[in-house]
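Mind the numbering: the sequence shown is residues -8 to 327 in our numbering, read in order.
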Amino acid sequence: MNISDASGVKNHSKNQMQGASGFHLMQVFAGLTVGISTLGAVIAAYQLIDNQTGWLEWSLLAGFYFATAIGIEGGFHRYFSHNAFKGGQGITWLMGALGSMAAQGPVLFWAATHRKHHAFTDVDGDPHSPRLHGKHTTGRLKGMLHAHIGWLFTKDQASWAQFAPDLLRKREVVQINQSYLSWVALGLVLPAAIGGLVGMSWQSAFNGFVWGGLLRIFLLDHITWSVNSLCHTIGTRAYQVKDNSHNLALLGLISVGGSLHNNHHAFPRGARNDHQSTWQMDPSGWFIELLGILGLATKIKRHSASALLSSRSQTNHPNLATTQGNATHSASNGGK
Ligand SMILES: [Zn+2]
Ligand SMILES: [Zn+2]
-8 MNISDASGVK NHSKNQMQGA SGFHLMQVFA GLTVGISTLG AVIAAYQLID
42 NQTGWLEWSL LAGFYFATAI GIEGGFHRYF SHNAFKGGQG ITWLMGALGS
92 MAAQGPVLFW AATHRKHHAF TDVDGDPHSP RLHGKHTTGR LKGMLHAHIG
142 WLFTKDQASW AQFAPDLLRK REVVQINQSY LSWVALGLVL PAAIGGLVGM
192 SWQSAFNGFV WGGLLRIFLL DHITWSVNSL CHTIGTRAYQ VKDNSHNLAL
242 LGLISVGGSL HNNHHAFPRG ARNDHQSTWQ MDPSGWFIEL LGILGLATKI
292 KRHSASALLS SRSQTNHPNL ATTQGNATHS ASNGGK
C-alpha cells in the first residue's frame, strides 16, 4: 500500500492522512500497531513462562530493538526532525528504513508531530503534553495516558506543510515516507527469516517474528512514548527551561539517549544528549559520533562544555525563550 496515495502528500493539506471514509487513516495504523504488537507481547510472555525461548530469540530481540531504536532516536528524531548532523543519501535511507521499521508512523508524520511538540511544548497546541488535563490527580493521570498513547488517536495532527516543508522537498524522504508499510513489513519478515534459517524450523521462524518483530515493536514504541509521558512528568532538571521536560537517566540505555529529555529541550538541535556526566547513556549520540569518524556524518552539532555549564546557571534558558507559537521557525529549521 502506498502511503502517499492515501495521504495526499502533494496537496499538503491539514488532513493529509484522511481516508475516503472520513476515518483517519493514522488512527487505523495506530490501532493495528498497538493491538498487534500487544498480542505479540502476550505470546512472547507465554513462551517465556513456558520455557520455549533461548539465545536466538533474545539475540533477535536485542539486535532489532537497538537497530530500530537508533533509527528512531538518531534518525527520525535527531537527523530528520532536528538536523543535528548532515548525511548523504545512504544515511538518509538507512535512518529512514530503520526508523520506519519501528512502526511509529511514517517519517513525515513523526517529524511534523515532533516539531509541533517543540513549538508548543506543554502549552495549547502540543500534540502530546501530559500537562494540559488539569492539576488534580485524575487530570494528571488523564494527561499521562494522553501523552503516552491517547494522542495517536486524536484527529488534530500536525500539518506536514507547516512543520516539515524542508523534508517534503527532499525526494528520498518522501520516497521513504511512501514506502513506510514496506519497511514495517521488512522489520517483521527479516527476524522471522533469520530465526528460521538459524533454527532450521518453522517454529524458530515464528519465534523470530514474535521476538524480533512484534515484541520488539511493542517494547520500543512504549519506551519512545514514555519520553512523551514520563519525561514531561518525573525525573531531574539540569536546565530550568520553560517547559516540564525532565531527564530520566534510568531509561538512558533502553531509550538510546532519548530520555535525557530536559537536556534535549534545552539544546534541541544538539547531536548529543549526555551533557552532565560520563555515566549518562546516549547511544544515539555515540552512534552519530561513530558515523562522523567513518566520514558518513558531517556538521555534527555539538555544544561546548562552557556553553552547557553557563546555560545551567540561567533561570530561563534562552533556547526556550521562543517556545510558544514559534511554528514557522520550528518548521523551517528542525525544532529550534
Ligand atoms: Zn518533549
Ligand atoms: Zn526533539
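For every residue, glycine included, the Cβ atom is placed at its ideal position computed from N, Cα and C.
Rounded to whole angstroms, what is the Cα-Cα separation between residue 170 and residue 128? Straight-line Cα distance between these residues: approximately 42 Å.
Between which two residues does the alpha helix (DSSP H) harbouring residue 64 extend? Note, residue 64: premise wrong, no alpha helix (DSSP H); not H, not E.
Could you spell out where the alpha helix (DSSP H) holding residue 112 opens and where it closes? No alpha helix (DSSP H) holds residue 112; DSSP gives it neither H nor E.
Can you find the residues in the same chain that come closer than 6 Å, C-beta to C-beta, to residue 3, ignoring five residues on each side of it along the sequence? A caution first: residue 3 carries a pLDDT of 41, below 50, which makes its placement in the model unreliable, though a value can still be read off. So the list reads 152, once near-sequence residues are dropped.
For residue 253, which residues from the same chain have a beta carbon less than 8 Å from its beta carbon, with the 5 sequence-adjacent residues on both sides left out? Around residue 253, the same chain offers 222, 226, 227, 228, 229, 230, 232, 236, 237 and 238 as residues with beta carbons nearer than 8 Å, after the five sequence neighbours per side are excluded.
Does DSSP put residue 227 in a helix, a strand or coil? strand
Can you tell me where the alpha helix (DSSP H) with residue 256 in it begins and where it stops? In the DSSP assignment, residue 256 falls within the unbroken alpha helix (DSSP H) covering 252 to 257.
Between residue 61 and residue 275, is the Cβ-Cβ spacing less than 8 Å? Going by C-beta atoms, residue 61 is nearer than 8 Å to residue 275.
Taking the alpha helix (DSSP H) that residue 86 falls in, what are its first and last residues? 80 to 92
Just checking: is the beta-carbon of residue 239 within a distance shorter than 8 Å of some beta-carbon in chain C? In the structure shown, chain C cannot be found, because there is only a single protein chain.
N-terminal and C-terminal residue of the alpha helix (DSSP H) that residue 279 is part of: 274 to 284
Find the nearest neighbour of residue 55 within the set 89, 256, 73 and 261, judged by alpha-carbon distance. 89
Hey, out of 43, 71 and 59, whose CA is closest to residue 259's CA? The option with the nearest alpha carbon to residue 259 is 71.
Whose C-beta lies closer than 6 Å to the C-beta of residue 154 among residues of the same chain, with five residues either side of it excluded? 103, 106, 107 and 322
How is residue 262 classed by DSSP in three states: helix, strand or coil? coil
Just to confirm before moving on: does the CB-CB distance between residue 355 and residue 287 stay below 8 Å? Nothing can be reported for residue 355, as the shown portion of the chain is limited to -8 through 327.
Less than 8 Å between the C-beta atoms of residue 279 and residue 296, yes or no? no
Residue from 188, 240, 210 and 165 whose Cα sits closest to the Cα of residue 80: 165
Excluding the 5 residues preceding and the 5 following residue 24 in the sequence, name in chain order all residues of the same chain whose CB lies nearer than 6 Å to its CB. 94
For residue 289, list the residues DSSP reports as bridge partners. 77
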